[in-house]
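Visitor:
In my numbering, the protein residues as written are 35 to 596.
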């Protein structure tokens with residue numbers, strides 16, 4: 035069967051008559067065109083008819099080529115051979131190369147491939163249109179990629195920094211990439227850094243790929259890319275992150291360390307298979323980025339005094355609480371930076387280490403290896419620390435050890451996920467920490483949210499409307515951003531914190547120790563001078579720092595101010 039010509043197969047299958055094939059063959063020789071193209075142009079058969087007939091008669095798999103072509107396989111076959119024989123490699127399977135061919139009976143093509151690659155060739159039947167389109171997409175990416183990244187910075191280079199234990203992967207990485215895709219992924223990363231993005235999202239849709247950045251906590255559409263870009267771009271990112279390039283069915287996590295000029299960045303990569311392909315999210319972290327000082331976080335004068343009161347004590351537990359993305363880690367770093375000095379020992383336990391702190395011992399947990407917060411904390415306590423930062427109290431064991439450590443002379447900083455300061459007390463109780471231990475160990479709790487700051491370049495005054503007036507005194511003037519080039523038309527640039535600080539005084543300790551309900555502790559906190567998240571936010575709205583709408587995005591607002 036393998037030595038027969040494509041015309042014979044089509045006649046034997048009954049799809050075409052011998053006269054039709056003979057007529058098409060004569061025109062094919064006369065005009066120098068492929069037989070399949072002539073048959074389709076004459077209307078004797080469709081490309082799909084020809085491909086599926088060949089697949090059935092030859093017992094070869096039929097493929098509809100999509101964006102999942104493996105870049106590693108593509109590198110094995112030169113473009114000249116693909117164009118000459120109208121074929122394209124799909125994937126490598128050990129010593130075999132799977133190839134989509136419009137004419138799987140072309141023995142010369144198979145021999146040339148076998149000779150040039152040194153692999154056994156496994157032909158797959160595909161339509162002429164599919165193969166032609168794939169060749170144009172995957173071999174001729176330079177001009178389209180340049181068009182896609184038009185307007186992005188291309189005069190910089192993203193250098194992947196390989197740690198010593200991964201040096202042996204350099205050859206594989208070189209073989210698994212194509213320069214145009216490298217240029218596109220580099221441009222996306224550079225653009226994200228320039229726009230101060232914290233996350234990059236690459237999201238395949240039905241017929242396009244959406245590129246979005248998270249800037250100042252809000253998702254922003256950056257551009258739409260053609261659907262075929264997703265496969266090569268995801269493969270490039272996986273290679274950079276030392277992930278399994280061939281596995282597309284399960285979620286994966288990885289890490290990329292890159293250098294942009296003199297600036298180093300850590301990218302935490304996560305892939306997730308969806309109905310249209312793999313989505314990729316990259317979190318951008320700058321380990322060398324200087325941690326903000328307490329005066330840069332947005333504390334009011336009264337809250338600054340209350341905060342210094344609870345972090346300047348030689349021992350105790352200080353908790354920062356709030357939802358994911360509310361700036362808890364930045365606040366913790368600022369607090370530790372404020373209290374550290376050459377006379378004390380400071381150790382942090384984090385997942386992951388987001389910033390490098392000078393003169394501080396930082397430990398990264400590794401849950402997969404059994405290096406949990408609780409396990410590391412027990413070891414850290416044998417290192418004679420004065421101050422300990424624990425990234426998160428995730429379980430009863432970690433919380434209990436933290437409170438015990440504070441009672442034996444250590445100052446402990448950590449985080450929880452609760453809605454406000456007082457509810458953190460209930461959370462600790464639910465985790466199994468006795469009320470008397472919470473009351474004696476706790477110095478204070480800081481609840482916080484992040485709101486976007488009004489852009490100073492386009493800030494304008496306005497009179498509040500009926501929906502806003504109930505929160506302010508009569509004839510109050512507010513501010514908002516009109517939108518400009520600096521803020522990308524959003525009216526906001528940068529973020530600041532909104533805070534609620536519960537300082538543990540005698541009354542609060544007594545109520546917590548006696549297992550008093552949350553409402554009583556909340557009333558005592560207000561009596562003791564605690565400013566709620568809403569009140570602190572309203573003060574920032576009045577000061578022209580943010581807007582009421584932006585505050586309402588992160589804090590529940592009610593007109594009684596509680």
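Every residue, glycine too, gets a C-beta built ideally from N, C-alpha and C.
#1: Whose C-alpha, out of 306, 260, 578 and 299, is nearest the C-alpha of residue 281?
#2: Check this for me: beta carbons of residue 349 and residue 444, under 8 Å apart or not?
#3: Output the distance between the C-alpha atoms of residue 414 and residue 379, rounded to the nearest integer angstrom.
#4: Count the other CB atoms within 10 Å of the CB of residue 35; is the residue buried (16 or more) or exposed (fewer)?
#5: Could you check what DSSP says for residue 291 in three-state terms: helix, strand or coil?
#6: In terms of residues, what are the limits of the alpha helix (DSSP H) holding residue 417?
#7: Please classify residue 316: does DSSP put it in a helix, a strand, or coil?
#8: So residue 383 and residue 399 are in contact, right, with Cβ under 8 Å, and what is the actual spacing, rounded?
#9: Does the distance from the CB of residue 487 to the CB of residue 580 come in under 8 Å?
#10: With H, G and I counted as helix, E and B as strand and the rest as coil, what does DSSP make of residue 208?
#11: Looking only at its chain, what residues have a beta carbon closer than 7 Å to the beta carbon of residue 558, apart from the 5 residues adjacent to it on each side?
#12: To the nearest angstrom, how far is the alpha carbon of residue 314 from that of residue 256?
#13: State the Cα-Cα distance for the pair residue 496 and residue 526, rounded to the nearest angstrom.
#14: List in chain order: all unbroken beta strand (DSSP E) runs of 3+ residues lying wholly within the region 88 to 147.
#15: With DSSP run on the structure shown, which of helix, strand or coil describes residue 506?
#16: Can you tell me which of the three DSSP states residue 32 falls into?
#17: At which residues does the alpha helix (DSSP H) containing residue 56 begin and terminate?
#18: Could you check which residue in 123, 86 and 162 has the C-alpha nearest to that of residue 606?
#19: Given a threshold of 16 other Cβ atoms within 10 Å of its Cβ, counted over all protein chains shown, does residue 41 qualify as buried or as exposed?
#20: Taking just the CA atoms, how far does residue 435 sit from residue 335?
#21: How many whole angstroms separate the CB atoms of residue 337 and residue 535, which I take to be in contact at a CB cut-off of 8 Å?
#22: Kindly confirm or deny that the region 84 to 93 and the region 104 to 113 touch, where touching means at least three C-beta pairs closer than 8 Å.
#23: Is residue 497 helix, strand or coil by DSSP?
#24: Helix or strand or just coil, what does DSSP make of residue 399?
#25: Residue 321 to residue 377, Cα distance in whole Å?
#26: Tell me which residues share the same chain as residue 126 and place their Cβ nearer than 6 Å to its Cβ, disregarding the 5 neighbours each side in the sequence.
#27: Tell me which same chain residues have a C-beta within less than 6 Å of the C-beta of residue 168, skipping the five on either side of it?
#28: Check whether the region 295 to 309 and the region 338 to 345 are in contact - that is, three or more C-beta pairs closer than 8 Å.
#29: Can you give the Cα-Cα distance for residue 365 and residue 485, rounded to whole angstroms?
Guide: With the structure as the only source:
#1: Per the Cα distances, 306.
#2: Using a Cβ distance threshold of 8 Å, residue 349 and residue 444 count as a contacting pair.
#3: About 11 Å.
#4: In this predicted model, residue 35 has a pLDDT of only 39, less than 50, meaning its place in the structure is not dependable enough to derive any value.
#5: DSSP, read as helix, strand or coil, puts residue 291 in strand.
#6: That residue, residue 417, is in no alpha helix (DSSP H); it is neither H nor E in DSSP.
#7: In this structure, DSSP gives residue 316 an extended state, which the three-state scheme calls strand.
#8: About 6 Å separates the CB atoms of residue 383 and residue 399; that is less than 8 Å, so the two are in contact.
#9: Yes; because the gap between Cβ atoms is below 8 Å, this pair is in contact.
#10: Because residue 208 sits at a pLDDT of 43, beneath the cut-off of 50, its placement in the model cannot be relied upon, and the point is left open.
#11: So the list reads 541, 542 and 545, once near-sequence residues are dropped.
#12: One C-alpha to the other measures close to 15 Å.
#13: So the alpha carbons of these two residues sit roughly 16 Å apart.
#14: For the region 88 to 147, whole beta strand (DSSP E) runs of length 3 or above, ordered along the chain, are 121 to 127 and 130 to 135.
#15: It is coil, neither helix nor strand.
#16: Past the boundaries of the shown model lies residue 32; the chain is included only from 35 to 596, so the question cannot be answered.
#17: Boundaries of the alpha helix (DSSP H) around residue 56: 52 to 65.
#18: This structure cannot speak to residue 606, because the chain is shown only from 35 to 596.
#19: With 16 or more Cβ atoms within 10 Å of its Cβ, residue 41 is classed as buried.
#20: Going from the Cα of residue 335 to the Cα of residue 435 covers about 33 Å.
#21: Confirmed, about 5 Å.
#22: Short answer: they don't touch.
#23: DSSP places residue 497 in coil when its eight states are reduced to three.
#24: DSSP places residue 399 in coil when its eight states are reduced to three.
#25: Straight-line spacing of the CA atoms in residue 321 and residue 377 works out to 25 Å.
#26: Excluding residues within five positions, the ones whose Cβ falls inside 6 Å are 107.
#27: Apart from the 5 residues on each side of it in sequence, residue 168 sits with its Cβ closer than 6 Å to the Cβ of 99 and 122 in its chain, given in chain order.
#28: Touching, no, given that fewer than three Cβ pairs across the two stretches are closer than 8 Å.
#29: Cα-Cα distance, rounded: 14 Å.
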